[in-house]
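*Asks:*
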Amino acid sequence: MEESRIIFNGSYFSEKPSGISVVSQELASSFKQEKLSLYAPFKVGHSKFYSLPKSFCPEYGLKAHLKRLNWNQFKLSKIIKKNKDSILFSPLPEAPISKDIRSVVLVHDLLPLRLKCSLPLSLYHKFYVPLVVKNASKVICNSLTTANEVSKKLKVPYKKLEVIKLGFNKSKFLALDLKREPFMLVIARHVPHKNLPRILKAFSIFKSLNKNLSDYKLKIAGSFDKRYTPHYKRICRELNLDRYCNWLDWISEEEKIYLLNTCKALIVPSLWEGFGLPALEAMACGTTILASNKGAIREILGDHGLFFDPYSSHSIADVMYEAANNNYLENKFREFGPSRAAEYSWSDSAKKIEKIISKI
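Residue numbering for the sequence shown is 1 to 360, as defined by the working numbering.
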């Protein structure tokens, strides 16, 4: 029997990728290209390509979100029904709400169900996503933590769930043997669950612990958000941290690699993560990682992290202090981090997804 063609939903591709966009684009490049039909705002890899409007990209905000949903429900549905031997793969839980199509969706986390959202997004997460998951032939999760949450909160039987490891760009995220400089790095969008106010408070406490820490800076790399960024910068001013904090906005992959190889430590402060790509990339670079003990981060890092309570600024400040003053830790992460990271690859992720799809 001929192998089914995969229709890849790349509508979430971004010209400034982070998180789900990175996952989407890397997987699209890693699948067997000869069996892939890619629908996306721009092309990656060399599969059969169908262009979508760039206004679908997530950086265009709510309007892009609504356009993608409309395309998913109506146009994508027709495309799948026309190509009856094809199976839809969507790297996020966006797909036609229909029981008569075969689809596989990847769920990254159910964080929006834990936090308050605006009305349109609240309806999306409470009604649309559960329907997509319910009607999917298989639901793939990026960690056991996410799988457990999907099963519990969305009432999905475990036999319908599959867990895969995500990956990172092994040709680029490497330990470069650069000198570590006195700064802590955060890679996070300016949204509430990334926990930036507590990080700022923790950094203020950290600076007060020892006068030898006076040179330390905090670099925050991540897309600004007009709803939250002004508030975070105001907190920074109130804590008298303005001259010690660098707000970098979104950074390119090349900038990220350099920062990961020169920072004293990466801080992953999220109140919850379904996976945590920056932590994996930092591990590959041999970087000391200070990580929240909530969500899947511990599952990804194993013993390769200093863990803290993300709800306690004092807990975060304590691990900052340890990272700044313990050279043994720096050597430990440099030696053992890359070997742990080697267990993850986009090629393996794609092969496992293809195997799951082949059995439907």
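No residue lacks a Cβ here, since even glycine has one placed at the ideal position from N, Cα and C.
Would you please state the rounded distance, in angstroms, between the beta carbons of residue 275 and residue 300? I believe it to be under 8 Å.
*Replies:* Right, their Cβ atoms sit about 6 Å apart.
*Asks:* Would you call the CB atoms of residue 261 and residue 176 closer than 7 Å?
*Replies:* Yes, the pair counts as a contact, with Cβ atoms nearer than the cut-off.
*Asks:* Please name the residue in 344, 46, 16 whose C-alpha comes closest to that of residue 59.
*Replies:* Nearest C-alpha to residue 59: 16.
*Asks:* I need the boundaries of the beta strand (DSSP E) containing residue 291, first residue and last residue.
*Replies:* Taken as a continuous stretch (DSSP letters only), the beta strand (DSSP E) holding residue 291 covers 289-292.
*Asks:* Nearest to residue 124 by alpha carbon, out of 66, 87, 57, 165?
*Replies:* Closest by alpha carbon: 66.
*Asks:* When the Cβ atoms of the region 273-291 are set against those of the region 315-324, are three or more pairs found closer than 8 Å?
*Replies:* Yes, since at least three Cβ pairs between the region 273-291 and the region 315-324 fall closer than 8 Å, the two stretches touch.
*Asks:* Which word fits residue 46, buried or exposed, when buried means at least 16 other C-beta atoms lie within 10 angstroms of its C-beta?
*Replies:* Its Cβ having fewer than 16 others within 10 Å, residue 46 is exposed.
*Asks:* Return the chain-ordered list of same chain residues with a C-beta closer than 6 Å to the C-beta of residue 224, the five sequence neighbours on each side being excluded.
*Replies:* Excluding sequence neighbours, residue 224 sits near 190, 249.
*Asks:* Consult DSSP for residue 245 and reduce its assignment to one of helix, strand or coil.
*Replies:* Strand at residue 245.
*Asks:* So is residue 215 buried or exposed if we call it buried at 16+ other beta carbons inside 10 Å?
*Replies:* Exposed, since its Cβ has fewer than 16 Cβ neighbours within 10 Å.
*Asks:* Quick one: residues in its chain with C-beta nearer than 7 Å to the C-beta of residue 344, no 5 flanking neighbours on either side, listed in chain order?
*Replies:* Here the set comprises 165, 166, 167, 168, 280.
*Asks:* DSSP beta-bridge partners for residue 9?
*Replies:* Answer by DSSP bridge pairing, in chain order: 39.
*Asks:* In chain order, what residues of the same chain have a beta carbon less than 6 Å from the beta carbon of residue 1, not counting five sequence neighbours either side?
*Replies:* Per-residue confidence for residue 1 stands at a pLDDT of 36, beneath the threshold of 50, marking its modelled position as unreliable; the derived number appears in the next sentence. Answer for residue 1: no residue qualifies.
*Asks:* Pull the bridge partners of residue 90 from the DSSP assignment, please.
*Replies:* 105.
*Asks:* Does the region 228-248 come close enough to the region 301-311 to have 3 or more Cβ pairs within less than 8 Å?
*Replies:* No: the two stretches stay apart, fewer than three of their Cβ pairs being nearer than 8 Å.
*Asks:* Identify every residue that forms a DSSP beta bridge with residue 162.
*Replies:* Note: residue 162 sits in a beta bridge opposite 140.
*Asks:* To the nearest angstrom, how far is the alpha carbon of residue 37 from that of residue 283?
*Replies:* Going by the C-alpha atoms only, they are around 33 Å apart.
*Asks:* Go ahead and pull the three-state DSSP assignment for residue 218.
*Replies:* Residue state, collapsed to three classes: strand.
*Asks:* Assign residue 171 to one of three DSSP states: helix, strand, or coil.
*Replies:* The answer is coil: DSSP assigns residue 171 none of H, G, I, E or B.
*Asks:* Look up residue 268 in the DSSP assignment and say whether it is helix, strand or coil.
*Replies:* Reduced to three states, the DSSP call for residue 268 is strand.
*Asks:* Between 195, 75, 259, which has its C-alpha nearest residue 232's C-alpha?
*Replies:* Considering only alpha carbons, the answer is 195.
*Asks:* Rounded to the nearest angstrom, what separates residue 207 and residue 75 at their Cα positions?
*Replies:* Between residue 207 and residue 75, the C-alpha separation is close to 55 Å.
*Asks:* In whole angstroms, give me the CA-to-CA distance for residue 238 and residue 197.
*Replies:* So the alpha carbons of these two residues sit roughly 11 Å apart.
*Asks:* Would you kindly check if the distance between the Cβ of residue 106 and the Cβ of residue 350 is under 7 Å?
*Replies:* Against a cut-off of 7 Å, the Cβ pair of residue 106 and residue 350 comes out as no contact.
*Asks:* In this structure, what does DSSP give as the bridge partners for residue 184?
*Replies:* Bridge partners of residue 184: 218, 265.
*Asks:* Count the other CB atoms, across all protein chains shown, that sit within 10 Å of the CB of residue 14; report buried if there are 16 or more and exposed otherwise.
*Replies:* Flag for residue 14 reads buried.
*Asks:* Please classify residue 127: is it buried, with 16 or more other beta-carbons within 10 angstroms of its beta-carbon, or exposed?
*Replies:* It is exposed - the Cβ of residue 127 has fewer than 16 other Cβ atoms within 10 Å.
*Asks:* Of the choices 183, 323, 221, whose alpha-carbon is the least far from that of residue 252?
*Replies:* Among 183, 323, 221, the Cα nearest to that of residue 252 is on 221.
*Asks:* In three-state terms, what does DSSP make of residue 308?
*Replies:* It is a strand residue.
*Asks:* What does the alpha-carbon distance come out to for the pair residue 354 and residue 205?
*Replies:* When rounded, the distance between both Cα atoms is 48 Å.
*Asks:* Within a Cβ cutoff of 8 Å, which residues of the same chain sit near residue 217, ignoring the five residues on either side of it in sequence?
*Replies:* Once the five neighbours on either side are set aside, the close Cβ partners of residue 217 are 182, 183, 184, 244, 245, 246.
*Asks:* Report the three-state DSSP secondary structure of residue 328 (helix, strand or coil).
*Replies:* In the structure shown, residue 328 sits in a helix (DSSP, three-state: H, G or I).
*Asks:* Rounded to the nearest angstrom, what separates residue 160 and residue 142 at their Cα positions?
*Replies:* Each residue's alpha carbon lies about 14 Å from the other.
*Asks:* Mind checking whether the beta-carbon of residue 59 lies closer than 6 Å to any heavy atom of the ligand GTP?
*Replies:* The model depicted lacks the ligand GTP and carries no ligand whatsoever.
*Asks:* Out of 85, 42, 273, which one is the CA nearest neighbour of residue 101?
*Replies:* Of 85, 42, 273, the residue nearest in Cα terms is 85.
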